[in-house]
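These notes concern the structure reproduced below.
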Amino acid sequence: MVREIDNPAGREFRRLLDEQDYTFAPGIYHALDARLAEMAGLDAAYMSGYSTVLGQFGFPDLEMVTMTEMVENAKRIVEATNLPVIADCDTGYGGVHNVRRAVREYEKAGVAAVHIEDQTTPKRCGHIAGKQVVPREQARSRIEAAIDARQSEDTVVISRIDAYGSANGDWEEHVERGRIFADAGVDLIWPEMPDPSREDAVRYAEALHETHPEAKMAFNYSSSFAWSEEADPLTFEELGDLGYEYIFITLYALHSGAHAAYEDMRNIAENDEEAQFDLEGRYLGHETESHHELSFVSRFQDIEARFDPEARERMASSEGFTEEQNDPISTSTGDDD
23 MVREIDNPAG REFRRLLDEQ DYTFAPGIYH ALDARLAEMA GLDAAYMSGY STVLGQFGFP
83 DLEMVTMTEM VENAKRIVEA TNLPVIADCD TGYGGVHNVR RAVREYEKAG VAAVHIEDQT
143 TPKRCGHIAG KQVVPREQAR SRIEAAIDAR QSEDTVVISR IDAYGSANGD WEEHVERGRI
203 FADAGVDLIW PEMPDPSRED AVRYAEALHE THPEAKMAFN YSSSFAWSEE ADPLTFEELG
263 DLGYEYIFIT LYALHSGAHA AYEDMRNIAE NDEEAQFDLE GRYLGHETES HHELSFVSRF
323 QDIEARFDPE ARERMASSEG FTEEQNDPIS TSTGDDD
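Residue numbers for the sequence shown, in the numbering used here: 23 to 359.
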């Protein structure tokens, strides 16, 4: 017997999809990324598989990380933010039983949505040469198993299609699988693209909507491509008009953080304490200035004071962060815990 659960994050993600021309989520890989995304005013966050395996383990995206490790990372991210979190479920980590368990474990972690792809296992990043897709029937079974496994009707299931650009697929198969997954009842269809082609994004949307006009799609504004070097790069607004209602950049936070961290590491390697002075000149007075505020220290101090009679006295008689500060994020629930 399956226990039904409530999924407010999934409900919120569905609301965003219904009410906005498109919903964007940056690719992230840890809890602080999610908190920063919320502070910056974004609507959702995407736990990217490549970001997670590289950022947390230092691996390439070759399915070297287990379902349990991925779900545990998602749990930490979900606990750090009020944003709906979309999670990479890779191929579902095995057969249909594994797919079903993966969906339910992610639901228990509190994610709003999962995406499952049609690659063979072990899979790889869609932009690393050598990928293959499973037969249509097996691909459809994965998606149907994922949809059936949901313990909340609000959980969003996204089907990722890798046929185009794979060793054993082509454009026609790419489109046909979108139709098959639409018939299976998937919430969003993500056709992975091998390049930043405007033409491919347009013709895929047109081909799918010719037979399935109500089908909703997702688009990977992939970090594997140099969009700025395109003569006429696609805009988010254009993608939304084409029916790509969920748009994401897989490694946005990782590239942002890696670039900044490398430059500062190189600076301190060359300039000693002067690099710290330079860094302070950039973050003092900025929204991210206080790591105490970013980690909600004052909130946890309040909890200490409520349940430990001696805590307030210890804080008053010692040095350190004790100021009453507003949290950088105002939680919607008002729950101190």
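By construction, the Cβ of each residue, glycine as well, lies at the ideal position given by its N, Cα and C atoms.
Would you decide whether P157 is buried or exposed? Buried here means 16 or more other CB atoms lie within 10 Å of its CB. Within the sequence shown, residue 157 is the residue found at index 135, counting from 1. Result: exposed.
Distance, A189 Cα to A66 Cα:
As a position in the sequence shown, residue 66 is number 44, starting the count at 1. As a position in the sequence shown, residue 189 is number 167, starting the count at 1. About 33 angstroms.
query: Are F241 and A223 touching if we call contact CB-CB under 8 angstroms?
result: Indexing the sequence shown from 1 puts residue 241 at position 219. Indexing the sequence shown from 1 puts residue 223 at position 201. Contact flag set, yes.
**Asked** Taking C-alpha atoms, which residue in D110, A327, E335 lies nearest to T272?
**Response** For the purposes of this step, residue 272 is taken as the residue at position 250 of the sequence shown. When only C-alpha atoms are compared, the closest one is D110.
One or two residues paired with R182 in a DSSP bridge
By one-based count along the sequence shown, residue 182 stands at place 160. BP columns for R182 point to E139, W212.
### A66 - DSSP class collapsed to helix/strand/coil
As a first step, residue 66 must be located in the sequence shown, where it is residue number 44. Three-state result, A66: coil.
Quick one, which of E295, L84, A62 has its alpha-carbon nearest R146's?
As a working mapping, residue 146 is identified with position 124 in the sequence shown. It is L84.
Have a look at the DSSP bridge pairing and note the partners of M239.
-> To locate residue 239, count along the sequence shown from 1; it is residue 217. I211, Y266, per the DSSP bridge assignment.
Query - CB contact flag (A53, V107, <8 angstroms) - result: As a first step, residue 53 must be located in the sequence shown, where it is residue number 31. As a first step, residue 107 must be located in the sequence shown, where it is residue number 85. No, they are not a contact pair.
* Asked: Measuring CB to CB, does E232 end up less than 8 angstroms from D184?
  -> Looking up residue 232 in the sequence shown gives position 210. Looking up residue 184 in the sequence shown gives position 162. Not in contact: E232 and D184 (Cβ atoms no closer than 8 angstroms).
Worksheet item: Do you know offhand how far E260's Cα is from M69's?
Response: Counting from 1 along the sequence shown, the entry for residue 260 is found at position 238. Counting from 1 along the sequence shown, the entry for residue 69 is found at position 47. C-alpha separation (whole angstroms): 24 angstroms.
At least three beta-carbon pairs within less than 8 angstroms, the region 94-101 to the region 111-131: yes
Residues that DSSP places opposite G49 in a beta bridge:
Your numbering for residue 49 matches position 27 in the sequence shown. DSSP lists Y68 as partners of G49.
For this session: Go to V107, then tell me how far its beta strand (DSSP E) extends in each direction, as first and last residue.
Result: Along the sequence shown, read from residue 1 onward, the residue named residue 107 stands at position 85. That run of the beta strand (DSSP E) goes 107-110.
| task | Assign R199 to one of two classes, buried (16 or more other C-beta atoms within 10 Å of its C-beta) or exposed (fewer than that). | result | Sequence index remark: in the sequence shown, residue 199 carries index 177 (1-based). By the neighbour-count rule (16 or more Cβ atoms within 10 Å), R199 is buried.
When S340, N104, P82, L39 are compared against D55, the one with the closest alpha-carbon
Your numbering for residue 55 matches position 33 in the sequence shown. For D55, the nearest C-alpha among the options comes from N104.
### Contacts around D112, its chain only, beta-carbon distance under 7 angstroms, and the 5 residues preceding and following it disregarded
Numbered from its first residue, the sequence shown carries residue 112 at position 90. The residues are G71, E85, E139, K145.
Status (buried if at least 16 other CB within 10 Å, exposed otherwise) for H308: Taking the first residue of the sequence shown as position 1, residue 308 is located at position 286. H308 should be labelled exposed.
Roughly how many angstroms lie between the CA atoms of T355 and G132, to the nearest whole one?
Residue numbering aside, residue 355 sits at position 333 when the sequence shown is read from its first letter. Residue numbering aside, residue 132 sits at position 110 when the sequence shown is read from its first letter. Note that T355 scores a pLDDT of 44, beneath 50, so its modelled location is shaky; the value from the coordinates is reported in the next line. Distance between the alpha carbons of T355 and G132 is about 16 angstroms.
Quick check on V133: does DSSP put it in helix, strand or coil?
As a position in the sequence shown, residue 133 is number 111, starting the count at 1. DSSP places V133 in coil when its eight states are reduced to three.
Same chain only: Cβ atoms within 6 angstroms of T177, ignoring 5 sequence neighbours per side: The residue you call residue 177 lines up with position 155 of the sequence shown. Hits under 6 angstroms: N29, G32, E129.
### Query
Does the distance from the CB of R164 to the CB of V121 come in under 8 angstroms?
Numbered from 1 along the sequence shown, position 142 holds the residue referred to as residue 164. Numbered from 1 along the sequence shown, position 99 holds the residue referred to as residue 121. Yes. Within cutoff.
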